[in-house]
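Enquirer:
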Amino acid sequence: MKVDSILSEAWRDISSGTNRTILWLLTFLFVAIGTLGLDLSTIFALQSQAKTWVTSGAAINLVQSEGKINPTSCMSLSRTTISGAHKQTSTSQSKIPVGKGPISASGALQTGPSIILTAMPSSPLDSFNVTPSLASVLQLTASVESKTGVWISSQLAQTLHVRPGDTLETDHGPMSIAAVFSWQQDGRDQRIAYAILNPSASQEPFDECWATIVPSNAKASELLTATAISTPGTLNPLQIKQINNSLGRTFNGWEQYQKRASKYITIVLPFAALLIGFISVRIRRIEIADDLHCGISRSNLWAINALEALSWSLPAVLFSSAALFLMVRTVRNQSDAMQLCSVELPALLAALVLSQVGIVMALVSIKADHLFRYFKERR
Amino acid sequence: MNKIDVNPVIVKESLGDKLSKEKHVWDEYLEAKRDKPERQVLAVGLGHRFHEGPWLFHDLSFRLEPGEIVGICGPSGSGKSTLLSLIAGFEDPTSGSVQRFGINRICWVFQNPHGMPRRTAIDHVTQPLLGQGMNRVQAESQALAIMEDFHLIDVCARDFKELSGGEAQRLMLARAVASRPDLLLVDEPTAQLDQLTAADVDRTLAGIAQADCIVAVATHDPNTRSACTRVIDLARHRNTEKQ
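Line order of the protein sequences matches chains L and H.
Read in the UniProt record's numbering, the first sequence has 196 at position 196, and its numbers run on one by one without any break.
Read in the UniProt record's numbering, the second sequence has 216 at position 216, and its numbers run on one by one without any break.
Below, the structure is given as structure tokens:
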């Protein structure tokens, strides 16, 4: 056949509905959105778990050694890189800035004097001196570090009916509120929930070093112990604790992502495309066997059927990609929708290729000599 | 012998002139091939049965040559379709042999027309011609010439699913003829048709004898039998016990 004849024959089969383009396209779409959507849902769940891990304070590790924490060492932890550690790649879920290593923020605390509010003389509040870098640990914006004033939790702010910019009258004089940080009652250490945090540039030893470590990394956690000032002759190993251990000791989102079971469900799509390609040709075996008898060569039939398969497989891949993108972008409001959808791209491309393999397999299986048998089976 | 140009240059002209020219080309092609009966089917002592069942027929010997329409006749269940499949080589006989000489392309027309429902009638006849390397314009012109022989000009633009039983059956015959087969097998062409429509098909059948093609028609219809130039009667070769 001439090339234009092949093209026109394929077009006539597509436009007349002979090759059932719409049916196969919808079937492909159904399987694609079902399987790939399931995988994306699993990824969303992992992202939610990672976000919860961070926002719940479970990612904040701390060491305590009264008067023996070097604040400079503690603050510099966030600039430390560790070989083999994965860095946090998405910033869309939290305000934590991306660090070079798993320790994305760190800061030191020192127990301070009780503070009596003029408005609440019978309920003194705890206070802590903190390094300005602790703002990142508490998920405050970086600009807070340059502001003058104290930090209080949202719970305390609500109790006192104050907000940033207001002034607290205390027995230590007026204290301007520079920032309010979120500190939920979700199983985390509540010591700073009803306390006043006073940023301090002091270089004197502090009592605690806090560090946000995402993802969980044992080596990074151990670095916290290096912030303690060692005293010769004392053997007092520091214990690494979590601000919130209700979600478990560790969370490795990357490992869970790599090992997610839904990854294997995406394999269904390419094989479904192969099956669709095979069936789409095989159900026309009488017609194709008759074409062979009429002198149309197998290579011509392959070319015609390959073009017809593209008429549903290529739009199906494009529509699936668009549907998944819109689903992620609209339903979940993900600004990194493109990156997320690209995870499913290999399955879609493999489906495109395997649909053609299915076509070839079906054509090979159809023999001109079997026309009589195909017809008898049809009866 | 003059060289036959089967791909004539098509110029703008009336449909009648166009059909007349294409038919002339077609007839010239047939004329050139008539003196070369290089192909035949030779059956010697042919017999067949399924598994250990009764013999459908046995000791059947015949030769099929181009230019004639051989009717394979017998009552229902006598093995007519089976004999066609043995002639085509789709199945192996239980006894005897079938040899085909010069047979490269076999076309089979079933009793139930099995076209492409959503493709037009002319597409069915054009397809084999496209497969022979013609462009669409040439192929459609020749297809129209063939369809005129089969009284299908009026329905050439209709979808296959809109054709009557008789039109569909004639279309399958036209498609087979356009394929220029070496061996054309027609299985009960009128079995599913009413008397009037069957008569129409029988009249068409008489005209499908091809100079270069062997035509065998399986039928139990006496009118179809009459349209054949020669008859192989399976009833004479059928016994419950093979002798």
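Ideal Cβ positions, reconstructed from N, Cα and C, are used throughout, including at glycine.
Taking 8 Å as the threshold (C-beta atoms), are L/Gly149 and residue 381 of chain L in contact?
Expert: In the structure as shown, chain L starts at 1 and stops at 379, and residue 381 of chain L therefore has no counterpart that could be examined.
Enquirer: Taking only beta-carbon positions, decide if L/Asn305 is within less than 8 Å of chain H.
Expert: Taking Cβ atoms only, chain H never reaches closer than 8 Å to L/Asn305, which makes this a no.
Enquirer: Can you tell me where the beta strand (DSSP E) with H/Arg230 in it begins and where it stops?
Expert: That run of the beta strand (DSSP E) goes Arg230 to Asp233.
Enquirer: Output, in chain order, the set of chain L residues within a Cβ distance shorter than 8 Å of H/Gln127.
Expert: Under the 8 Å cutoff, chain L gives Glu9, Asp291, Cys294 and Ile296.
Enquirer: Could you check whether the Cβ of residue 264 of chain H sits closer than 8 Å to any Cβ belonging to chain L?
Expert: The structure shown does not extend to residue 264 of chain H, since chain H is modelled only from 1 through 243, so no value can be given for it.
Enquirer: Would residue 294 of chain H be called buried (16 or more neighbouring beta carbons within 10 Å of its own) or exposed?
Expert: Given that chain H is displayed from residue 1 to residue 243, the structure contains no residue 294 of chain H and the question cannot be resolved.
Enquirer: Can you tell me which residues form a DSSP beta bridge with L/Ile43?
Expert: None, per the DSSP bridge assignment.
Enquirer: Using a Cβ-Cβ distance cut-off of 8 Å, determine whether H/Val6 contacts chain L.
Expert: Confidence is the limiting factor: at H/Val6 the pLDDT is only 42, short of 50, which leaves the residue's position unreliable and the question unanswerable from this model.
Enquirer: I'd like to know whether the C-beta atoms of H/Lys161 and H/Arg118 end up nearer to each other than 8 Å.
Expert: It is a contact, given that the beta carbons lie within the stated cut-off.
Enquirer: Going by DSSP, which residues form a beta bridge with H/His48?
Expert: H/Phe57, per the DSSP bridge assignment.
Enquirer: Anything in chain H within Cβ reach of L/Arg12, meaning under 8 Å, just list it in chain order.
Expert: The answer, in chain order, is Arg119 and Asp123.
Enquirer: State yes or no: is the beta carbon of residue 250 of chain H nearer than 8 Å to at least one beta carbon in chain L?
Expert: Residue 250 of chain H lies beyond the stretch modelled for chain H, which goes from 1 to 243, so this question has no answer here.
Enquirer: Buried or exposed: L/Ser15, going by 16 or more other Cβ atoms within 10 Å of its Cβ?
Expert: The residue is exposed, with fewer than 16 neighbouring Cβ atoms inside 10 Å.
Enquirer: What does H/Cys107 pair with, by DSSP beta-bridge criteria?
Expert: H/Leu184.
Enquirer: Residues of chain H with a CB under 9 Å from the CB of L/Lys2: which are they?
Expert: Neighbours of L/Lys2 on chain H, chain order: Leu130, Gly133, Met134, Asn135 and Arg136.
Enquirer: Here's the rule I'm using: 16 or more other beta-carbon atoms within 10 Å means buried, otherwise exposed. How should L/Val98 be labelled?
Expert: Note that L/Val98 scores a pLDDT of 40, beneath 50, so its modelled location is shaky; the value from the coordinates is reported in the next line. Result: exposed.
Enquirer: Going along the chain, which residues of the segment 78–95 of chain H sit with their C-beta nearer than 9 Å to a C-beta in chain L?
Expert: So the list reads Ser81, Leu84, Ser85, Ala88, Gly89, Phe90 and Glu91, given in the order they occur along the chain.
Enquirer: Is any beta-carbon of chain B found at less than 8 Å from that of H/Ser179?
Expert: Among the chains of the structure shown, chain B does not appear; the protein chains present are L and H.
Enquirer: Does the contact criterion of 3 or more C-beta pairs under 8 Å hold for the segment 225–233 of chain H versus the segment 63–82 of chain H?
Expert: The answer is yes - the segment 63–82 of chain H touches the segment 225–233 of chain H, with three or more Cβ pairs under 8 Å.
Enquirer: Let me know if H/Val137 comes out buried or exposed under the rule of 16 or more other beta-carbons within 10 Å of its beta-carbon.
Expert: H/Val137 is exposed by the Cβ-count criterion.
Enquirer: Is any beta-carbon of chain L found at less than 8 Å from that of H/Arg170?
Expert: It does not: the Cβ of H/Arg170 has no partner Cβ on chain L nearer than 8 Å.
Enquirer: For a cutoff of 8 Å on Cβ pairs, would you count L/Ile366 as touching chain H?
Expert: So no, L/Ile366 is outside the interface.
Enquirer: What does the alpha-carbon distance come out to for the pair H/Leu56 and H/Asp182?
Expert: Looking at the two C-alpha atoms, the distance is approximately 27 Å.
Enquirer: Suppose the cutoff is 8 Å on Cβ atoms and the five residues either side in sequence are ignored; what does the same chain contact list for L/His86 look like?
Expert: Low per-residue confidence applies at L/His86: pLDDT is 48, beneath 50, and the placement is therefore not dependable enough to give any value.
Enquirer: Residues in the same chain with beta-carbon distance under 7 Å from L/Asp166, minus the five sequence neighbours each way, listed in chain order, please.
Expert: Once the five neighbours on either side are set aside, the close Cβ partners of L/Asp166 are Ile177.
Enquirer: If I measure Cβ to Cβ from H/Leu184 and keep anything under 6 Å in the same chain, skipping five residues before and after, which residues do I get?
Expert: Cβ within range, chain order: Cys107, Ala176, Cys213 and Val215.
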